[in-house]
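The structure appears right after this line, and notes come after that.
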Amino acid sequence: MMAHWKERDHWLSNEVLFARNEIWDGERFKELSWFWNPEARWVIPALCPNCKQVVGSQSIKDELGLSPETHIEEHYECSISIQCPNCYLRFEHKPKVTSGGPRNIALIGHWDGWQPFSTSCKHSAQGSESTHYYYGNYRYHSRYPSDERDLNMFVQTMKDIEFGGKKYTSLSTHEVTEVFRVLKKQQLKHFTLAVIQAPSIYMSQHGFGGTLYRVGEHVLVSDDAGELSVAKIDAILAVNIEEEYHLLLKGEEYAQSVTETGDSRIHTSSENPFVESTSSMIFFPCKSIVRKVMLFPDPDHLHDPYMYVVIDHQRPFIPLNKEAVIVPHFPEAGDMVCVRGTIGNEVYFAHIQSVNKNSNTCQVYFYGNDPGHPSISASKYKRLKLQETVHWSSILGTAKGQFIGHYWVA
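Numbering (numbering that gives the first Met the number 0), first residue to last: 0 to 409.
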């Protein structure tokens, strides 16, 4: 990054160099030489507090009564009133001064894209500056140009793209029959059919704010009986039959993998099912899409997988009943709570004395059976002597019961 500073005689002086070997030998670098010159000083622009518009350095110098050629002092002790050129608000500002530095980095577009601060000569631009722009690796393609192409090869592709960017496609006789079957329509002897192919479809009722489904993605689809299956989207089609449009997807079907005994094959650690490609193409209505899924190759056959683990990352997590919902308890001083023990499934009663929100801990007194009075009911608990610290994550919830005298009756 300091190579330009070692060659500062090339750009700090007004001398015109005809051997332009590096970016700092050009006119543009000379124009910005003040940016790297430690002896150059200038006023830092200000920011309008109202509209956030930048007030330029020259506007501030005009308020100070300084011409562009006036030498700038190190700093200014006084504040001045400047006006924003955008919202015309006047505000108080204390001018600040900075100076150039060799380590400053300027974002300068360069004509052939090599590093402007490189110390290597192999990237040098021999000759004068140019206004031409080149794409990367242009030297190679200049020596080894691409083969000429016959545009007649692309005529059919261009014919497919018409009517405002809509790409029309065709279906085979078997596919037409399958479309009528999926749509539950009787195939007529004479009918008009047009098929428009799209790269994606947006389902506004899916997920939060809608979901975009693209060609190449895997989805979970539901049939009329509610059975779920996995399919890969190969085409998204808008089928026009006798001026009536239907949105269909064409895709590769996957079936659930089964073991030799007929049981569903399940991935051990994730408990997700395995599926295998049936190598058959199916049509299904877009409305049958349930959600997206991902297929991960069988970990035991990553290089040549024949089955895949279904990653159902968008599946809903809805509890079956309200008892399945566990809401973390927010503790407050005076609460009697149930605390999880460190051994087994033991639960203890604790009376909260104070709460530390920074460490998420509580100071508590535990309550236990009174060994000195074995005749007292087992549901009565006496406060133990030592005060202890309990983390919030150990609190299961509020204890049910009441204080009677010095005892807690559960």
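The beta carbon of each residue, even a glycine, is placed where N, CA and C say it ideally should be.
At the level of alpha carbons, what is the spacing between residue i and residue j?
{"i": "S256", "j": "D299", "result": "15 Å"}
{"i": "G400", "j": "V274", "result": "53 Å"}
{"i": "E251", "j": "I200", "result": "17 Å"}
{"i": "P37", "j": "R89", "result": "32 Å"}
{"i": "K384", "j": "V363", "result": "11 Å"}
{"i": "K5", "j": "F28", "result": "15 Å"}
{"i": "L246", "j": "I235", "result": "8 Å"}
{"i": "H405", "j": "N368", "result": "12 Å"}
{"i": "Y253", "j": "V220", "result": "11 Å"}
{"i": "P327", "j": "W391", "result": "9 Å"}
{"i": "Y380", "j": "Y366", "result": "5 Å"}
{"i": "Q125", "j": "N151", "result": "Note that Q125 has pLDDT 37, beneath the 50 cutoff, so the model's placement of it is unreliable and the number below is only indicative. Whole-angstrom Cα-Cα distance: 41 Å."}
{"i": "I403", "j": "K356", "result": "30 Å"}
{"i": "V292", "j": "A224", "result": "20 Å"}
{"i": "R40", "j": "Y87", "result": "27 Å"}
{"i": "S456", "j": "A332", "result": "The question about residue 456 has no answer here: the residues shown for the chain are numbered 0 through 409."}
{"i": "H109", "j": "P48", "result": "Only weak support is given to the placement of H109: the predicted model assigns it a pLDDT of 48, under 50, and the value that follows is read from those uncertain coordinates. Roughly 35 Å between the two C-alpha positions."}
{"i": "E427", "j": "V53", "result": "The requested residue 427 is not part of the displayed model; the chain covers only 0 to 409."}
{"i": "L395", "j": "E174", "result": "59 Å"}
{"i": "C411", "j": "P315", "result": "Absent from the structure is residue 411, since the part of the chain shown begins at 0 and ends at 409."}
{"i": "P101", "j": "S78", "result": "30 Å"}
{"i": "Q313", "j": "S279", "result": "26 Å"}
{"i": "A105", "j": "V96", "result": "19 Å"}
{"i": "A230", "j": "D149", "result": "38 Å"}
{"i": "T258", "j": "Y307", "result": "14 Å"}
{"i": "G64", "j": "C83", "result": "17 Å"}
{"i": "D222", "j": "V181", "result": "10 Å"}
{"i": "K93", "j": "I59", "result": "10 Å"}
{"i": "L301", "j": "K51", "result": "54 Å"}
{"i": "E147", "j": "T172", "result": "38 Å"}
{"i": "L11", "j": "E26", "result": "11 Å"}
{"i": "T260", "j": "G206", "result": "38 Å"}
{"i": "V389", "j": "T397", "result": "14 Å"}
{"i": "E62", "j": "M202", "result": "58 Å"}
{"i": "I195", "j": "G209", "result": "23 Å"}
{"i": "E387", "j": "L46", "result": "55 Å"}
{"i": "F162", "j": "N85", "result": "For F162, the predicted model reports a pLDDT of 41, less than 50, meaning its position is unreliable and no value from the coordinates is stated."}
{"i": "T168", "j": "D262", "result": "41 Å"}
{"i": "W407", "j": "R382", "result": "8 Å"}
On a Cα-Cα basis, can you pick out the residue from the options that is closest to residue i?
{"i": "Q352", "options": "N368, V346, M335", "result": "M335"}
{"i": "L170", "options": "A237, I288, E242", "result": "A237"}
{"i": "P304", "options": "F295, E6, C86", "result": "F295"}
{"i": "I232", "options": "L211, E26, A409", "result": "L211"}
{"i": "K249", "options": "G261, E241, V218, E243", "result": "V218"}
{"i": "H350", "options": "G99, P330, T341", "result": "P330"}
{"i": "Q204", "options": "V289, S393, D297", "result": "V289"}
{"i": "E270", "options": "T277, E259, I310", "result": "I310"}
{"i": "S412", "options": "N49, S58, H3, V42", "result": "Lying outside 0 to 409, the shown extent of the chain, residue 412 is not represented and no answer is given."}
{"i": "I43", "options": "S56, L227, W35", "result": "S56"}
{"i": "N103", "options": "A332, G64, Q82, F34", "result": "F34"}
{"i": "S393", "options": "G215, S78, T341", "result": "T341"}
{"i": "D297", "options": "Q313, R314, S276", "result": "S276"}
{"i": "A409", "options": "L11, V389, S378, T260", "result": "S378"}
{"i": "E30", "options": "P94, V181, H9", "result": "H9"}
{"i": "L227", "options": "G261, Y244, P272", "result": "P272"}
{"i": "E242", "options": "M202, K183, L192, T260", "result": "L192"}
{"i": "Y244", "options": "T172, K184, G206, L301", "result": "K184"}
{"i": "T176", "options": "L46, I240, R382", "result": "I240"}
Assuming residue i and residue j make a contact with CB atoms under 8 Å, what is their CB distance in whole Å?
{"i": "Y347", "j": "V354", "result": "With 8 Å as the limit, Y347 and V354 do not qualify as a contact, their Cβ atoms being about 18 Å apart."}
{"i": "E91", "j": "S80", "result": "6 Å"}
{"i": "V214", "j": "P198", "result": "6 Å"}
With three or more beta-carbon pairs closer than 8 Å as the criterion, would you say the stretch 280-290 touches the stretch 258-268?
no
Counting only runs that start and end within the stretch 166-219, where is the beta strand (DSSP E) found for 3 or more residues in a row?
192-197, 199-202, 210-213
Can you list the beta strand (DSSP E) stretches of 3 or more residues lying completely in the stretch 253-339, in chain order?
273-284, 288-296, 307-310, 335-339
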